[in-house]
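Chains as they are written, first to last, in the numbering used here: chain A, 29 to 285; chain B, 29 to 285; chain C, 29 to 285; chain D, 29 to 285.
Beta carbons are placed, not taken as given, at the ideal position from N, Cα and C, and that holds for glycine.
Structure record follows, encoded as structure tokens.
4 protein chains.
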Amino acid sequence: MQIAPRRGGVRRLTWAFLHTEMGRFTWGQAAVVFLIVLSFVLLAIETEPAARPEVRAVASGVDRLIPWIFAAEFALRVWASGASPLYRGPAGRRRFFRRPLVWLDFLAFAPELAVQLLLPGVGPSAGWVRLLRLFRLLKLFSMFRAFREIVGAVRDAGRQLLATFAAAGMLLFVSATALYAIEGPAQPAAFGSIPRALWWAVATLTTVGYGDVYPTTPLGKAVAGGVAILGVGTVALPAGILANAFAERLRRRRGRR
Amino acid sequence: MQIAPRRGGVRRLTWAFLHTEMGRFTWGQAAVVFLIVLSFVLLAIETEPAARPEVRAVASGVDRLIPWIFAAEFALRVWASGASPLYRGPAGRRRFFRRPLVWLDFLAFAPELAVQLLLPGVGPSAGWVRLLRLFRLLKLFSMFRAFREIVGAVRDAGRQLLATFAAAGMLLFVSATALYAIEGPAQPAAFGSIPRALWWAVATLTTVGYGDVYPTTPLGKAVAGGVAILGVGTVALPAGILANAFAERLRRRRGRR
Amino acid sequence: MQIAPRRGGVRRLTWAFLHTEMGRFTWGQAAVVFLIVLSFVLLAIETEPAARPEVRAVASGVDRLIPWIFAAEFALRVWASGASPLYRGPAGRRRFFRRPLVWLDFLAFAPELAVQLLLPGVGPSAGWVRLLRLFRLLKLFSMFRAFREIVGAVRDAGRQLLATFAAAGMLLFVSATALYAIEGPAQPAAFGSIPRALWWAVATLTTVGYGDVYPTTPLGKAVAGGVAILGVGTVALPAGILANAFAERLRRRRGRR
Amino acid sequence: MQIAPRRGGVRRLTWAFLHTEMGRFTWGQAAVVFLIVLSFVLLAIETEPAARPEVRAVASGVDRLIPWIFAAEFALRVWASGASPLYRGPAGRRRFFRRPLVWLDFLAFAPELAVQLLLPGVGPSAGWVRLLRLFRLLKLFSMFRAFREIVGAVRDAGRQLLATFAAAGMLLFVSATALYAIEGPAQPAAFGSIPRALWWAVATLTTVGYGDVYPTTPLGKAVAGGVAILGVGTVALPAGILANAFAERLRRRRGRR
Numbered sequence: 029m030q031i032a033p034r035r036g037g038v039r040r041l042t043w044a045f046l047h048t049e050m051g052r053f054t055w056g057q058a059a060v061v062f063l064i065v066l067s068f069v070l071l072a073i074e075t076e077p078a079a080r081p082e083v084r085a086v087a088s089g090v091d092r093l094i095p096w097i098f099a100a101e102f103a104l105r106v107w108a109s110g111a112s113p114l115y116r117g118p119a120g121r122r123r124f125f126r127r128p129l130v131w132l133d134f135l136a137f138a139p140e141l142a143v144q145l146l147l148p149g150v151g152p153s154a155g156w157v158r159l160l161r162l163f164r165l166l167k168l169f170s171m172f173r174a175f176r177e178i179v180g181a182v183r184d185a186g187r188q189l190l191a192t193f194a195a196a197g198m199l200l201f202v203s204a205t206a207l208y209a210i211e212g213p214a215q216p217a218a219f220g221s222i223p224r225a226l227w228w229a230v231a232t233l234t235t236v237g238y239g240d241v242y243p244t245t246p247l248g249k250a251v252a253g254g255v256a257i258l259g260v261g262t263v264a265l266p267a268g269i270l271a272n273a274f275a276e277r278l279r280r281r282r283g284r285r
Numbered sequence: 029m030q031i032a033p034r035r036g037g038v039r040r041l042t043w044a045f046l047h048t049e050m051g052r053f054t055w056g057q058a059a060v061v062f063l064i065v066l067s068f069v070l071l072a073i074e075t076e077p078a079a080r081p082e083v084r085a086v087a088s089g090v091d092r093l094i095p096w097i098f099a100a101e102f103a104l105r106v107w108a109s110g111a112s113p114l115y116r117g118p119a120g121r122r123r124f125f126r127r128p129l130v131w132l133d134f135l136a137f138a139p140e141l142a143v144q145l146l147l148p149g150v151g152p153s154a155g156w157v158r159l160l161r162l163f164r165l166l167k168l169f170s171m172f173r174a175f176r177e178i179v180g181a182v183r184d185a186g187r188q189l190l191a192t193f194a195a196a197g198m199l200l201f202v203s204a205t206a207l208y209a210i211e212g213p214a215q216p217a218a219f220g221s222i223p224r225a226l227w228w229a230v231a232t233l234t235t236v237g238y239g240d241v242y243p244t245t246p247l248g249k250a251v252a253g254g255v256a257i258l259g260v261g262t263v264a265l266p267a268g269i270l271a272n273a274f275a276e277r278l279r280r281r282r283g284r285r
Numbered sequence: 029m030q031i032a033p034r035r036g037g038v039r040r041l042t043w044a045f046l047h048t049e050m051g052r053f054t055w056g057q058a059a060v061v062f063l064i065v066l067s068f069v070l071l072a073i074e075t076e077p078a079a080r081p082e083v084r085a086v087a088s089g090v091d092r093l094i095p096w097i098f099a100a101e102f103a104l105r106v107w108a109s110g111a112s113p114l115y116r117g118p119a120g121r122r123r124f125f126r127r128p129l130v131w132l133d134f135l136a137f138a139p140e141l142a143v144q145l146l147l148p149g150v151g152p153s154a155g156w157v158r159l160l161r162l163f164r165l166l167k168l169f170s171m172f173r174a175f176r177e178i179v180g181a182v183r184d185a186g187r188q189l190l191a192t193f194a195a196a197g198m199l200l201f202v203s204a205t206a207l208y209a210i211e212g213p214a215q216p217a218a219f220g221s222i223p224r225a226l227w228w229a230v231a232t233l234t235t236v237g238y239g240d241v242y243p244t245t246p247l248g249k250a251v252a253g254g255v256a257i258l259g260v261g262t263v264a265l266p267a268g269i270l271a272n273a274f275a276e277r278l279r280r281r282r283g284r285r
Numbered sequence: 029m030q031i032a033p034r035r036g037g038v039r040r041l042t043w044a045f046l047h048t049e050m051g052r053f054t055w056g057q058a059a060v061v062f063l064i065v066l067s068f069v070l071l072a073i074e075t076e077p078a079a080r081p082e083v084r085a086v087a088s089g090v091d092r093l094i095p096w097i098f099a100a101e102f103a104l105r106v107w108a109s110g111a112s113p114l115y116r117g118p119a120g121r122r123r124f125f126r127r128p129l130v131w132l133d134f135l136a137f138a139p140e141l142a143v144q145l146l147l148p149g150v151g152p153s154a155g156w157v158r159l160l161r162l163f164r165l166l167k168l169f170s171m172f173r174a175f176r177e178i179v180g181a182v183r184d185a186g187r188q189l190l191a192t193f194a195a196a197g198m199l200l201f202v203s204a205t206a207l208y209a210i211e212g213p214a215q216p217a218a219f220g221s222i223p224r225a226l227w228w229a230v231a232t233l234t235t236v237g238y239g240d241v242y243p244t245t246p247l248g249k250a251v252a253g254g255v256a257i258l259g260v261g262t263v264a265l266p267a268g269i270l271a272n273a274f275a276e277r278l279r280r281r282r283g284r285r
């Protein structure tokens with residue numbers, strides 16, 4: 029859907045630079061992605077106690093600027109959207125603000141800005157203020173048309189994904205219960221209850237295998253081995269099904285051309 | 029197969045609410061799924077010694093009710109099935125009870141109910157009584173049409189699954205024997221017999237890698253590394269084959285439309 | 029290729045019971061598969077020092093009988109093959125013995141039998157005699173037509189498998205060299221040479237992750253993290269490619285029908 | 029593209045032996061691949077302090093010869109390329125040298141040769157000189173037509189790969205931040221900052237699971253378990269998508285025949 033901006037000099041150029049609806053990647057978008065990644069690097073530095081205090085102070089200061097930049101970008105985009113025939117006039121504006129992506133973009137900076145403006149005493153190092161920065165990720169959603177690809181693939185294979193996830197959940201619970209019954213008496217700390225055994229089951233069936241808990245009795249090892257062999261496939265199935273749904277979308281799109 | 033219930037007021041509505049044959053998900057089914065999940069959460073809480081005694085007592089009490097609810101649901105469904113033209117009359121009833129899913133539903137509550145009624149002295153905390161609760165999972169089978177999808181995919185790729193599972197089994201045994209021969213003298217506790225080495229082989233080839241046992245001699249490491257590189261693919265193959273069988277089913281279903 | 033045996037009473041029945049060429053699974057074959065699996069269970073028991081001596085003695089005694097049974101089965105099959113029009117007469121016999129599967133079957137029992145007959149002083153517990161038992165696995169090859177499915181899938185995707193295996197090999201070597209350079213000074217025992225770092229690289233890229241060696245310096249962790257994220261896909265690729273080759277074979281076979 | 033060399037005796041044969049453009053694998057190429065693999069084995073031996081000094085000296089000496097052999101092969105190929113009608117005459121020579129693969133081949137030996145000739149005092153055991161040997165890997169690129177297959181598959185699924193990689197990156201960061209917030213107070217050394225928690229997140233989501241860090245609080249374990257179950261699929265997706273792109277290329281190539 030190519031929306032040709034028709035008049036309005038600067039506003040038209042601003043729109044062409046900033047709008048995110050067309051699937052093409054503009055330099056304005058690249059700048060925003062860069063800012064998001066930068067802001068997470070800065071956030072990571074601020075939390076690191078081994079970093080030097082002056083480095084952390086600079087990171088923190090730069091990081092406080094980012095919601096302002098996002099707000100400016102948002103305001104600019106709202107203003108510039110009038111350059112598009114789709115969003116011109118009061119009806120066009122209503123259409124513009126009815127799209128959920130606009131509100132994701134707004135949520136990406138509003139909470140942090142509100143804290144900076146309304147609670148000036150709260151420093152950026154308070155734990156829950158840092159968590160607000162995760163909202164910035166919402167901007168990425170509005171940016172990558174490709175994420176819609178993921179949503180589409182999940183919807184295509186929905187029933188199969190649900191079935192395999194349910195099967196994986198049942199396998200997790202059944203194997204945790206089995207190891208609780210078998211290994212519980214020998215290792216009460218690791219297998220002495222079903223929630224504890226579930227930690228082992230998740231670590232095993234996802235093949236993470238930290239190695240903090242594992243069965244030690246011969247029967248426990250035999251059952252765990254069988255569970256691992258069967259389970260590896262079960263937990264890997266959703267990824268395989270999703271990958272195939274992606275491939276199918278690619279094939280159909282190619283076929284349409 | 030849409031079975032239109034025709035007459036009989038409450039019975040007809042009950043049937044529409046409870047019957048599970050149509051692939052559509054009714055609120056009655058949602059309630060049953062919720063009960064099953066709840067019952068497993070309760071079971072998990074009961075086994076946790078770190079939970080407070082009164083919490084565990086409540087969990088245990090609520091949990092004892094669940095087979096009664098399942099029994100009531102089963103009885104209701106048996107009664108209401110007469111509203112369907114398929115299951116009306118003595119011949120229809122026989123047809124109803126000949127379906128295996130009905131008996132899975134029955135098995136989902138019957139053992140626990142029998143213990144509660146016939147062995148009132150046995151508390152719900154006895155280990156083997158808890159294991160009876162796993163029977164409740166059987167209800168899920170009768171519920172998700174999607175599980176039939178899994179069974180179908182396994183049947184579609186049956187021969188290939190068998191071949192790759194057999195190959196994985198052979199690789200497991202051969203690599204366990206090799207490491208038993210190579211590492212056995214150096215680490216008798218971990219590799220001193222083929223069953224012991226099999227525990228290492230399962231943990232390695234499924235890529236769980238707990239880290240409780242691993243080769244330490246240079247030759248053992250070289251062989252284990254080679255086995256890991258080759259083996260990772262072999263043990264992951266069944267999941268990949270199954271995922272493709274799922275995709276193929278999806279494609280054929282779409283093609284038929 | 030259905031080979032209808034035409035005459036010869038017992039010989040014809042024996043052939044129908046034992047011959048393995050037709051892709052159908054006969055009871056004779058099931059018995060042989062059972063014997064092979066049994067023989068590996070026995071071998072495993074014999075090597076376990078924690079097993080009781082009398083159990084191990086029985087296992088060992090039964091195990092010595094198995095190559096005799098295989099030899100008898102082989103002799104019976106050679107004799108019975110004359111019942112098939114394909115292998116009748118001197119020319120048919122030559123055709124029979126020219127097939128490689130016949131020789132795999134022969135190798136499955138010949139080495140062990142030779143040791144029992146020619147070196148009667150060598151007990152079955154000598155390490156290298158036990159390794160001879162791995163030859164029995166060869167019998168499985170002649171049995172499962174499905175293994176030819178694996179060989180076919182490998183051949184179909186040959187060039188792609190080679191390319192991804194070569195890429196995985198390069199990634200292994202490059203990441204081992206990088207960690208050797210970065211982590212070597214800090215952990216000479218684990219990363220002090222490229223062969224040592226390769227052990228880490230194999231455990232990481234196959235996602236086994238025993239946890240006996242891992243980087244501890246910040247730079248080492250950053251590089252190892254990047255390698256893990258990129259590498260997991262690379263090492264898992266051959267399995268994915270192979271799974272797709274399997275699926276393609278299934279689809280073509282179905283298309284031909 | 030079969031390039032029939034037409035005249036010029038030795039030169040023509042040399043070209044047929046060495047040129048790498050045709051997708052067919054010649055003995056000359058096999059020799060070069062053997063030399064590359066050998067050179068990495070030698071490099072690995074040189075770095076191993078447990079190897080005997082004389083072994084390491086021999087490895088080092090042989091290894092110094094390899095760039096000379098590559099240079100000779102390069103010179104021979106430049107000379108012999110005149111035998112091909114494509115690269116004959118001054119215009120053909122310009123075409124020959126304009127191909128990037130020729131320069132990869134050149135880079136494969138030039139840096140090491142330059143060090144040996146210009147800095148004769150620098151021994152082969154200096155760390156950065158060893159790293160130069162990684163340039164030899166470039167020769168492999170010019171050799172395997174199959175690597176172009178990998179590049180092509182990556183390009184085919186480009187947008188989907190980007191989307192899933194971005195999703196995996198977001199999941200990594202979000203789960204590291206979550207565990208930093210939850211587990212940070214309990215385990216400051218392992219989860220006390222986002223960069224530290226990222227090390228856990230990478231090890232968990234790639235399913236490597238070294239086991240050096242893992243959550244110990246109940247809430248941390250619950251969140252980590254959920255992240256592992258969701259994340260395993262996310263991080264495995266790119267490999268699945270890539271495997272499907274490979275399969276699609278194979279199918280299209282077969283369809284064209």
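Any chain A beta carbon closer than 8 Å to residue i
i     : result
A79/D : no
Where the alpha helix (DSSP H) containing residue i begins and where it ends
i      : result
L132/C : 128 to 135
P77/C  : No alpha helix (DSSP H) contains P77/C, which DSSP labels as neither H nor E.
R281/C : 246 to 284
Min CB distance residue i to chain B below 8 Å
i      : result
P95/C  : no
G110/D : no
G239/D : yes
L265/A : yes
F62/A  : no
Reference residue i; option with closest CA among the options
i      : options                       : result
A138/D : L265/D, L93/D, V202/D, G37/D  : L93/D
V83/C  : W96/C, A44/C, V69/C           : V69/C
V60/B  : R127/B, I97/B, G212/B         : I97/B
L71/A  : L132/A, L162/A, D133/A, R80/A : L162/A
G89/D  : E74/D, L160/D, F102/D, M198/D : E74/D
Whether residue i touches residue j by CB criterion (8 Å)
i      : j      : result
L200/A : L233/A : yes
R39/A  : A99/A  : no
I178/A : T192/D : yes
L129/C : T42/C  : no
D133/A : G239/D : no
V260/C : T244/C : no
Chain D contact for residue i (CB, 8 Å cutoff)
i      : result
T245/C : no
Test: residue i CB closer than 8 Å to a CB of chain C
i      : result
W227/D : yes
R281/B : no
Y208/D : no
E211/B : no
R187/B : yes
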